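Take a look at the structure set out below.
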Amino acid sequence: MILLNMLLLLSLLIFSIGLAGALLRRHMVFVLFSFEIMLSAVVINLAAFSAYLDPGDPRGDVLALFIMGALLSQIMLGVAIGHRVFENSDSLRVSLFEFSLGHLWERSRSVGEEKEEIEESGQR
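To convert, count from 1 in the sequence shown and add 10; that's the numbering used here.
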């Protein structure tokens with residue numbers, strides 16, 4: 011029981027640090043890492059309850075492992091989106107983002123499409 015309380019307190023502390031980082035930081039990378047810290051606290055919480063409720067059953071540990079895999083894919087997706095946003099705006103400040111897919115992928119048109127648009131409009 012004491013171990014469960016300590017793990018829950020640790021999880022609360024880690025979650026609070028992540029929440030403070032997500033609310034106070036303005037850089038996309040720091041906000042992304044803060045979310046990852048918060049979700050890591052959730053994994054600790056899940057593993058603690060799994061060990062407390064049924065110590066011999068590995069299902070909770072396997073679920074925590076799958077959640078950590080999902081966290082890894084979230085990091086990779088966030089870095090890819092951040093890279094694309096940085097290419098377009100040269101900044102990763104959260105306050106400068108326009109969260110529309112058209113804006114993020116606006117510059118991804120090919121050179122051929124741009125030449126066709128210029129020829130159609132009559133500009134040279």
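We treat Cβ as the ideally placed atom computed from N, Cα and C, and that holds for glycine. Computed from a predicted structure; not experimentally measured.
It is roughly 17 Å from the alpha-carbon of N55 to the alpha-carbon of S44. Burial check for S26: the Cβ neighbour count within 10 Å stays below 16, so the residue is exposed.
With a 10 Å radius around the Cβ and a threshold of 16 neighbouring Cβ atoms, M16 comes out exposed. Cβ neighbours of F96 within its own chain (closer than 8 Å, five residues either side excluded): L102. Per DSSP, the unbroken alpha helix (DSSP H) holding G28 starts and ends at 12 to 34. Contact between the region 27 to 43 and the region 80 to 99 is present: three or more C-beta pairs spanning the two stretches fall below 8 Å. By the neighbour-count criterion, in which a residue is buried when 16 or more other Cβ atoms sit within 10 angstroms of its Cβ, V53 is buried. Beta-bridge pairing by DSSP links H37 to R103.
Cβ contact annotation for S21 (same chain, cutoff 6 Å, sequence separation greater than five): A51, I54, N55, in chain order. CA-to-CA, the gap between S60 and M48 works out to about 19 Å. The C-alpha of A74 is placed about 13 Å away from the C-alpha of L82.
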